[in-house]
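Note sheet for the following structure.
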Amino acid sequence: MTPWNPAIFSKNIPKECQDRIAGFQQEGHKILCIAFPAEGGNRWSVITNKGFFNRGIPDECHDKMREFHKAGEKVIWVAFPPAGGNRWSVITDKGFFNRNIPDECHNKMQEFHKAGNRVVSVSFPPAGGNRWSVITASTFFNRGIPDECHDKMREFQQKGEKVISVGFPFAGRTRYSIITRNGEFFNRNSPGGCHRVMRAMSNSGVGQLAMIGFHPSGAYVIVSDADPAGKPQPALTSSGKTFSIDDYAANLKAQLDSKTCKYGFMVRYKSAMRAWAAGPKRTADNPPEQRFSVFHWFNPASVTKTITAVALLHVIHKKGLTIEEKIYKWLPKAWNIPDSFKTISVKELLHHTSGIRSGVLTYDELKDMVEAGINLKDKQVPEYQNTNYALARIVVAYLNGHKSSNADQASATAQNFIKYCQANIFDPLGIPGVEWKPDADDPTEFYPNPPGDSAGTSYGDWSLRPGSAGVHLSLAELSLFVAKLADTDVLLPQAMRTQMDNEGLGLGKHGSGKGEYYSKGGYFPGSKNGGAELHSVIAKYTNGVQLALVYNGDSATAQFDMEKAYNDAWK
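So the sequence shown is numbered by the working numbering: it starts at 32 and just counts up by one.
Pasting the structure below:
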């Protein structure tokens, strides 16, 4: 079985644990619980619906789990108190066994068990002592955990949301994560990126989240109880043939396996989603070593342009304007704008028919380019130029109320644009804190193929030159963006989305019949990035199939053919 559903996400956990999780998934296991003893390092326990694997945990704990397994009891949970040593709690589908946990915790678990209230999880805050949370099939009991955490669990319970797990990062204080049966969750001061990934897993169709395991180092793993194979695909037929989303995913995988440094994709059709990722987010020579996943954000190059187009169309619609508006009205008054440039419309800017013949991106460069004017004859011949979308950010900023009184116009216009995208694109999609530059501590790196000892690149900081590229999103988030743009009015009304397609504004039309689609590609050349070549694409087929994909490798070796992968999925 191919585990197309990305039901697990991990950040910086021990590599052997990462590999064991991946192995279990490929063998068709559903991960139930992942836990880490307080001593840290390469110590962990992975529990699945078919078994478990332990590394470096107390011998007695391992032996007890084996004993339960041999007796026909299914181990579902293990937890380790922060004091370390031979302290642990193993929970099965029929009971539990505790060693050296707080007496009151043990007694409360016994009390629940005797009353027929099955215990499903237990957790211990890092402060230690008599602090714990026991969750049963119907209720919970807390002792010494942060007051706010207890209150939030009660709040969920009062709303009818059944709490199924709570986790406490090792950093301590008021840090916790609560997950409920119906898909709700609440995080307070969770480790970097944790909340955003949980949002992406929930919103992209992975399924119900189940638990978070926190490692003493600050690493973590997020577990979903979703079916690893993904939801069944609704039927899609045309001219006597049937489309298979599983075949499409398998075709993409077959094309890119062993031919790239890394790749990932997310395919969807209605309620069905299939995803895959392979290769390193970071290598052993560029630690921390991690596998790439569809939840790691990165700069997708010119795929960013579709987001910029949506931002400009959104503010145009908001102001009651049209795509025929001339953009000079929303450029800095201090710029000396020649008559030739005053002819450029929003539509021409986004369709690369503006007549601009320049590759500049920064504020000062854009000023010089505008003041130099254009050759009006150049408007008759479309020419793809990144500058069109760099200039679009200035137009968005002024339409959004930017004031020329700001001392640093470059920074002020860029930040206005970024904030507009966050408020009107990413917030409605449930994507918090989107940056236009790499993570300061743990960016996704791209490499030559093979990477060797390369330090990799994340393609730089675009926070002062956003628009043509530079947004940092994961494949799951890009897939969500495509889905909401294609199928809903969340980002743009239907009339504006139709104009976007018909006029080629941030998307291009390709194919025909059942293979007709709108897409945008992205590319960073290896020749300018130490051999690290990136190719990305988002696509929405007119029949509802959608794709978000990236690969790190040269196109000549990869021989990637999206249309062939799609066409071969029709049988």
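Where is the CB? At the ideal position from N, CA and C, for every residue including glycine.
Quick test of the definition: if touching needs 3 or more C-beta pairs under 8 Å, does the segment 543 to 558 touch the segment 569 to 588? Yes: at least three Cβ pairs fall under 8 Å.
Taking DSSP's pairing of strands, which residues face Phe-477 in a bridge? As a first step, residue 477 is located in the sequence shown; it is residue number 446 there, counting from the start. Listed as beta-bridge partners of Phe-477 by DSSP are Thr-488.
DSSP three-state label for Phe-67, please. For the purposes of this step, residue 67 is identified with residue 36 of the sequence shown, where counting begins at 1. In the structure shown, Phe-67 sits in coil (DSSP, three-state: anything other than H, G, I, E or B).
I'd like to know whether the C-beta atoms of Gly-498 and Ala-403 end up nearer to each other than 8 Å. Against the sequence shown, residue 498 aligns to sequence position 467. Against the sequence shown, residue 403 aligns to sequence position 372. Not a contact, by the Cβ cut-off of 8 Å.
My output table needs one value for Asp-566: the three-state DSSP class, helix, strand or coil. If you number the sequence shown from 1, residue 566 lands on position 535. It should be pointed out that residue 566 corresponds to His in this sequence rather than to Asp. The three-state reading of DSSP puts His-566 in strand, counting E and B together.
Would you tell me roughly how many angstroms separate the C-alpha atoms of Gly-553 and Ala-579, rounded to the nearest one? Within the sequence shown, residue 553 is the residue found at index 522, counting from 1. Within the sequence shown, residue 579 is the residue found at index 548, counting from 1. One alpha carbon belongs to Gly-553, the other to Ala-579, and they sit about 11 Å apart.
Proximity winner among Thr-268, Trp-35, Ser-120, Ser-489, relative to Ile-88 (alpha-carbon distances): Residue numbering aside, residue 88 sits at position 57 when the sequence shown is read from its first letter. Closest in alpha carbon position to Ile-88, among Thr-268, Trp-35, Ser-120, Ser-489, is Ser-120.
Just the C-alpha distance for Gly-28 and Asp-316, rounded to the nearest angstrom, thanks. The chain is shown from 32 up to 602; residue 28 falls before or after that span and cannot be answered.
Is Val-581 near the ligand FMN, judged by its Cβ being under 7 Å from some heavy atom? In the structure shown, the ligand FMN is absent, as is every other ligand, since no ligand is present at all.
Considering only the alpha carbon of each residue, which of Ser-385, Ala-514, Leu-460 lies closest to Gln-416? Mapped onto the sequence shown, residue 416 falls at position 385. Considering only alpha carbons, the answer is Ser-385.
Same chain, Cβ closer than 8 Å to Gly-160, five either side skipped, listed in chain order: Locating residue 160 in the sequence shown gives position 129, where the first residue counts as 1. Taken in chain order, the residues that qualify are Pro-133, Gly-175.
Classify Asn-419: buried if its beta carbon has 16 or more other beta carbons within 10 angstroms, exposed otherwise. The count along the sequence shown starts at 1 and reaches residue 419 at position 388. Buried, since its Cβ has 16 or more Cβ neighbours within 10 Å.
To which residues does DSSP link Ser-275 through a beta bridge? Position 244 of the sequence shown holds residue 275. DSSP, once it has assigned bridges, lists no residue as partnering Ser-275.
Can you name the residues that DSSP bridges to Ser-14? Residue numbering for the chain in the displayed model covers 32 to 602; residue 14 lies beyond these limits and cannot be assessed.
Nearest to Gly-54 by alpha carbon, out of Gly-72, Ile-78, Pro-263? By one-based count along the sequence shown, residue 54 stands at place 23. Per the Cα distances, Ile-78.
With DSSP collapsed to three states, give me the class of Tyr-207. For the purposes of this step, residue 207 is identified with residue 176 of the sequence shown, where counting begins at 1. Tyr-207 falls in the strand class under three-state DSSP.
Would Asn-480 pass as a contact of Tyr-294 if the rule is Cβ separation under 8 Å? Numbered from 1 along the sequence shown, position 449 holds the residue referred to as residue 480. Numbered from 1 along the sequence shown, position 263 holds the residue referred to as residue 294. Not in contact: Asn-480 and Tyr-294 (Cβ atoms no closer than 8 Å).
Burial state of Gly-501 (16 or more Cβ within 10 Å): Position 470 of the sequence shown, counted from the first residue, corresponds to residue 501. With at least 16 other beta carbons inside 10 angstroms of its own, Gly-501 counts as buried.
So what's Trp-75 in DSSP terms, helix, strand or just coil? Residue mapping note: residue 75 aligns to position 44 of the sequence shown, counting from 1. Secondary structure of Trp-75 (DSSP, three-state): strand.
With three or more C-beta pairs closer than 8 Å as the rule, is the segment 520 to 540 touching the segment 322 to 331? Three or more Cβ pairs closer than 8 Å define a contact, and the segment 322 to 331 falls short of that threshold against the segment 520 to 540.
Cα-Cα, which of Gly-126, Gly-116, Gly-464, Gly-72 is closest to Met-96? Looking up residue 96 in the sequence shown gives position 65. Looking at the Cα atoms, Gly-126 is the closest of the given residues.
Count the other C-beta atoms from every protein chain shown that fall within 10 angstroms of the C-beta of Asn-406, then say buried if there are 16 or more, exposed otherwise. Looking up residue 406 in the sequence shown gives position 375. The residue is exposed, with fewer than 16 neighbouring Cβ atoms inside 10 Å.
Counting pairs of beta carbons, one from the segment 446 to 456 and one from the segment 526 to 537, are three or more of them closer than 8 Å? Segments in contact, no.
Is it buried or exposed, Glu-192, if we count other Cβ atoms within 10 angstroms and call 16 or more buried? Position 161 of the sequence shown, counting from 1, holds the residue named residue 192. Under this definition Glu-192 is a buried residue.
Since Thr-289 and Lys-262 should fall inside the 8 Å C-beta cutoff, what is the C-beta to C-beta distance between them, to a whole number of angstroms? Residue 289 sits at position 258 when you count from the first residue of the sequence shown. Residue 262 sits at position 231 when you count from the first residue of the sequence shown. In the sequence as displayed, the identity of residue 289 is Ser instead of Thr. Ser-289 to Lys-262, Cβ: 29 Å. No contact.
By the three-class DSSP mapping on this structure, what secondary structure does Ser-499 have? Locating residue 499 in the sequence shown gives position 468, counting from the first residue. Residue state, collapsed to three classes: coil.
Taking the alpha carbon of Ser-510 as the point to measure from, which residue in Gly-544, Glu-142, Thr-337 has its own alpha carbon closest? Residue 510 sits at position 479 when you count from the first residue of the sequence shown. It is Thr-337.
Pick helix, strand or coil for Lys-293, following the three-state DSSP scheme. As a working note, residue 293 is residue 262 in the sequence shown. For Lys-293, the secondary structure class from DSSP, reduced to helix, strand or coil, is strand.
Where does the unbroken alpha helix (DSSP H) through Ile-347 begin, and where does it stop? As a position in the sequence shown, residue 347 is number 316, starting the count at 1. From DSSP, the alpha helix (DSSP H) with Ile-347 extends over 335 to 349.
How long is the line joining the alpha carbons of Ala-342 and Ser-154, rounded to whole angstroms? In the sequence shown, the residue the question calls residue 342 occupies position 311. In the sequence shown, the residue the question calls residue 154 occupies position 123. A direct Cα-to-Cα measurement between Ala-342 and Ser-154 gives close to 44 Å.
Identify whether Tyr-582 lies in helix, strand or coil by the three-state DSSP scheme. As a first step, residue 582 must be located in the sequence shown, where it is residue number 551. Tyr-582 falls in the strand class under three-state DSSP.
Judging by CA-CA distance, which residue of Gly-59, Gly-487, Thr-170, Ser-442 is the nearest neighbour of Lys-190? Locating residue 190 in the sequence shown gives position 159, counting from the first residue. Closest by C-alpha distance to Lys-190, out of Gly-59, Gly-487, Thr-170, Ser-442, is Thr-170.
Per the DSSP calculation, Lys-42 is bridged to which residue(s)? By one-based count along the sequence shown, residue 42 stands at place 11. In the DSSP output, where bridge partners are listed per residue, Lys-42 has Tyr-251.
With a Cβ-Cβ cutoff of 8 Å, do Ala-260 and Trp-467 count as a contact? Against the sequence shown, residue 260 aligns to sequence position 229. Against the sequence shown, residue 467 aligns to sequence position 436. Not a contact, by the Cβ cut-off of 8 Å.
I'd like the list of long-range same chain contacts for Lys-312, defined as Cβ closer than 8 Å, with 5 residues on each side in sequence excluded. Numbered from 1 along the sequence shown, position 281 holds the residue referred to as residue 312. Around Lys-312: Lys-293, Gln-321, Arg-322, Phe-323, Ser-324, His-327, Thr-475, Glu-476.
Beta-carbon proximity list for Val-150, same chain, < 7 Å, skipping 5 on both sides: The residue labelled residue 150 in the question sits at position 119 within the sequence shown. Excluding residues within five positions, the ones whose Cβ falls inside 7 Å are Ile-122, Phe-127, Met-140, Phe-143, His-144, Val-165, Thr-167.
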